[in-house]
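Numbering (full-length UniProt numbering), first residue to last: 1 to 238. Each residue gets a CB set at the ideal place from its N, CA and C atoms; glycine is no exception. As the structure is a prediction and not an experimental result, all values here were calculated from the model. Structure, as structure tokens:
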Ligand code: ADP
Ligand code: MG
């Protein structure tokens with residue numbers, strides 16, 4: 001299970017309210033994409049879901065259980081960032097295995113999980129190499145591998161492809177869609193790329209200045225934008 005519920009979630013930094021009462025239900029196995037202009041609060045929202053940022057008020061529920069005060073590692077969530085900090089001196093295998101080593105998992109289980117993730121991500125031939133020998137796309141896949149081995153119920157992606165060139169982004173988009181079908185996990189994906197949003201999402205959440213402007217299936221938003229902001233954002237590819 002990987003159902004997520006945000007009930008009037010708010011975030012204030014000092015006196016500045018960055019997230020202004022977000023209500024959102026994400027179904028188990030759903031692929032939800034957050035879009036919105038830079039600074040509207042997408043990363044802050046993901047970080048609160050992951051447990052990396054405290055929630056000022058409101059409730060966060062995973063599978064019906066309130067998790068506001070649960071530490072990140074106990075939430076069953078893994079997050080993949082835009083700047084994937086791989087360890088340059090470690091092999092791909094060790095980079096992917098790292099979160100499991102921190103947990104003190106048995107060597108055999110670690111090997112099983114890393115090999116499984118590497119097969120899914122087409123990294124099986126790269127496991128003994130170091131990140132410096134890989135392409136940008138392969139490095140990003142190592143970062144995703146690190147999330148997969150933890151077997152989370154929910155994956156959070158914060159603009160994971162924005163450092164890649166357009167062709168590679170297209171390939172990775174297809175890979176991620178495949179990954180979603182294979183793992184059947186819940187995924188929340190932040191992007192400012194409209195094509196990514198339109199092609200990958202079950203539902204798109206449009207954020208503006210810390211509030212949800214509209215939630216809907218891609219075509220719904222495209223044909224029936226709730227307001228000019230959504231129309232400008234979804235209907236106007238840049
Ligand atoms: P996005 O990911 O949509 O670009 P962010 O969630 O990174 O937006 O940021 C939303 C707003 O919150 C921005 O105005 C940003 O400057 C502010 N912000 C983010 N983190 C902090 C922080 N730790 N302290 C103060 N302000 C922050
Ligand atoms: Mg961001």
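Residue range of the alpha helix (DSSP H) that residue i falls in?
| i | result |
| --- | --- |
| residue 171 | 166-183 |
| residue 214 | Looking at the DSSP string, residue 214 is not in any alpha helix (DSSP H); the run it does join, the beta strand (DSSP E), is 211-216. |
| residue 186 | No alpha helix (DSSP H) holds residue 186; the beta strand (DSSP E) holding it covers 186-190. |
| residue 95 | 92-103 |
| residue 231 | 228-234 |
| residue 200 | 194-200 |
Roughly how many angstroms lie between the CA atoms of residue i and residue j, to the nearest whole one?
| i | j | result |
| --- | --- | --- |
| residue 199 | residue 96 | 28 Å |
| residue 37 | residue 107 | 44 Å |
| residue 74 | residue 90 | 26 Å |
| residue 173 | residue 57 | 34 Å |
| residue 140 | residue 70 | 28 Å |
| residue 29 | residue 15 | 36 Å |
| residue 47 | residue 183 | 22 Å |
| residue 131 | residue 145 | 13 Å |
| residue 237 | residue 197 | With a pLDDT of only 48 at residue 237, under the threshold of 50, the placement of this residue in the model should not be trusted; the figure read from the coordinates follows. Each residue's alpha carbon lies about 11 Å from the other. |
| residue 45 | residue 212 | 11 Å |
| residue 27 | residue 2 | 7 Å |
Closest to residue i by C-alpha separation, out of the options, would be which residue?
| i | options | result |
| --- | --- | --- |
| residue 208 | 7, 17 and 3 | 17 |
| residue 23 | 12, 34 and 8 | 8 |
| residue 157 | 120, 235 and 50 | 50 |
| residue 55 | 166, 153, 13 and 85 | 13 |
| residue 152 | 180, 135 and 133 | 180 |
| residue 160 | 1, 33, 127 and 205 | 33 |
| residue 42 | 205, 163, 30 and 120 | 205 |
| residue 122 | 202, 220, 178 and 102 | 178 |
| residue 84 | 124, 169 and 143 | 143 |
| residue 195 | 137, 171 and 185 | 171 |
| residue 25 | 99, 202 and 164 | 202 |
Which residues mark the beginning and the end of the beta strand (DSSP E) in which residue i is found?
| i | result |
| --- | --- |
| residue 203 | 203-208 |
query: Can you list the beta strand (DSSP E) stretches of 3 or more residues lying completely in the segment 11-86, in chain order?
result: Listed in chain order, the complete beta strand (DSSP E) runs (minimum 3 residues) inside the segment 11-86 are 16-26, 31-35, 57-62 and 77-80.
Segment contact flag, the segment 57-74 with the segment 219-236, C-beta cutoff 8 Å, min 3 pairs: Fewer than three Cβ pairs drawn from the segment 57-74 and the segment 219-236 lie within less than 8 Å of each other, which leaves the two stretches out of contact.
query: Counting pairs of Cβ atoms below 8 Å between the segment 103-118 and the segment 189-196, do you hit three or more?
result: Too few Cβ pairs lie closer than 8 Å, so no.
- prompt: What alpha helix (DSSP H) runs, 4 residues minimum, are completely inside the segment 118-159?
  reply: If you keep only unbroken alpha helix (DSSP H) runs of at least 4 residues inside the segment 118-159, you get 136-148.
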